[in-house]
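Undergrad: Below you'll find the structure I mean.
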Amino acid sequence: MPQILFQTHFKYIWQMMIDLRSDTVTRPSAQMLEAMMKAPVGDDVFEEDPSVNELENYVASMFGMEKALFCPSGTMTNQIAIRCHTQPGNEVICDENAHVYFYEGGGIAFNSGCQVKLIKGDRGRITAHAIKEAINPEDIHRPISTLVCLENTANRGGGSIYGGDEMDAIAALCRSNDISLHLDGARLWNALIATGQSAQWFGERFDSISVCLSKGLGAPVGSLLIGKKSFIKKARRFRKVMGGGMRQAGMLASAGKYAIENNLNRISIDHKNAKQVAAVLATLPFVGKILPVETNILIFEVQQRFSPQTFVDELKLWNVLCLPVSSTQVRMVFHLDITDDMIKKLVKCLPEL
Ligand SMILES: *Cc1c(COP(=O)(O)O)cnc(C)c1O
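Under this note's numbering, residues 16 to 368 are what the sequence shown spells out, in order.
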């Protein structure tokens, strides 16, 4: 059976490589593939795919929001949200390291014709105070500030988590200035597990939320955009325009539902693993500053004989993969395909470098 070959093949690769480049490298488990094979499907552009509808309703109600829209990627959900909340010439406020600005190929300009006002935040997180300063006054010379984007957890901030009070203050500020508030929650799951905050808490404070199924949760594809009914109606049009209207997408949606139901709570293991490896790195002379480890992302400086690239190259000889993320820093991301044995091997080989 091809499915068995498929599984065996990947099992072989897993045993060979400890892949910490990203939490997007996970492969669907046999049980997830089984859920996908069994999924009832229909044409989702006609809104007739029962598995997609089920996932959208499930996630919308999880967040206590009206509606959700299943999309191929988190870049698409973010970009659709920005397009829905703005008009060309408007200004979007975000952290200088925000994924929407840093990693989406200039999409804010390309898709929405907006410019950005960047804030230098603390590990990817911006404050209500800084946002207040960044909002343009009513003046025909100035672009209209229409949208604030937050990222939680913040990827380039090393998986950092926003404080509840700060988000409260930001939500109140946006409301009183008639500015929309979008959350790039690609790894919001990690924040929920690390803090014990509820999804509804976020649903009450943001106008739109994007969540990814293909990161720590381990689904092969998919993100959801969540918001009010009228917002999602608009978003559905932009999804079609961007070419993201999928047909029998229920197979993918059912992988996503399986992932939320089965892989959400185990995310705490990834957090524990990241902390354990950080503790080992902290004892090594060639490791410099380590960003505080709050979730599943570990970002650290390398020094002495190592540059980020030579560090990554040398670790690769041990079958460990990670990524250079700046001129001084390396990133490791922990996820559900990282086993206890892999962690044991990793903490043994790091001091041998
Ligand atoms: C991964 C990621 C996304 C979406 O990425 P896709 O690869 O397009 O799914 C969005 N925001 C953040 C913070 C991310 O890390």
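Note that CB positions come from ideal geometry on N, CA and C, so glycine has one too. Just so we're clear, the structure is a prediction, and the values are computed from it rather than from any experiment.
1) Whose C-beta lies closer than 6 angstroms to the C-beta of residue 226 among residues of the same chain, with five residues either side of it excluded?
2) For residue 137 versus residue 262, is the C-beta distance shorter than 9 angstroms?
3) Give a yes or no on contact between the region 29–43 and the region 331–339, applying the rule of three or more CB pairs nearer than 8 angstroms.
4) Compute the Euclidean distance between the alpha carbons of residue 258 and residue 268, then round it to the nearest angstrom.
5) Anyone know if the C-beta pair for residue 353 and residue 150 falls short of 9 angstroms?
6) How would you call residue 309, buried or exposed, if buried means at least 16 neighbouring beta carbons within 10 angstroms?
7) With DSSP as the reference, label residue 82 as helix, strand or coil.
8) Nearest to residue 45 by alpha carbon, out of 170, 235, 280, 344?
9) Please report the residue range of the beta strand (DSSP E) in which residue 98 lies.
10) Please decide whether residue 266 counts as near chain D, where near means a Cβ-Cβ distance under 9 angstroms.
11) With distances taken from CA atoms, which of 36, 145, 76, 85 is nearest residue 58?
12) Can you name the residues that DSSP bridges to residue 132?
13) Beta carbon of residue 189: closer than 8 angstroms to some heavy atom of ligand 1?
14) Run through the region 227–256 for me and flag every whole alpha helix (DSSP H) of 4 or more residues, listed as ranges in chain order.
TA: Checking against the coordinates, here is how it stands:
1) When the five nearest sequence neighbours on each side are left out, the beta carbons in the same chain lying within less than 6 angstroms of the beta carbon of residue 226 are those of 200, 203, 239, in order along the chain.
2) Not in contact: residue 137 and residue 262 (Cβ atoms no closer than 9 angstroms).
3) Judged by Cβ distances under 8 angstroms, the region 29–43 makes contact with the region 331–339, as three or more pairs qualify.
4) Rounded to the nearest angstrom, the gap between the Cα atoms of residue 258 and residue 268 is 18 angstroms.
5) Cβ atoms of residue 353 and residue 150: not closer than 9 angstroms.
6) With 16 or more Cβ atoms within 10 Å of its Cβ, residue 309 is classed as buried.
7) DSSP places residue 82 within a strand segment (E or B) once states are collapsed to three.
8) Closest by alpha carbon: 235.
9) Run containing residue 98: none in the beta strand (DSSP E); it sits in the alpha helix (DSSP H), 89–100.
10) Given the protein chain composition of this structure (a single chain), no chain D is represented.
11) Comparing Cα-Cα distances from residue 58 to each of 36, 145, 76, 85, the minimum goes to 85.
12) According to DSSP, which records beta bridges pairwise, residue 132 is partnered with 108.
13) Because no heavy atom of ligand 1 lies under 8 angstroms away, the Cβ of residue 189 does not count as near it: no.
14) The region 227–256 contains these whole alpha helix (DSSP H) runs: 244–256.
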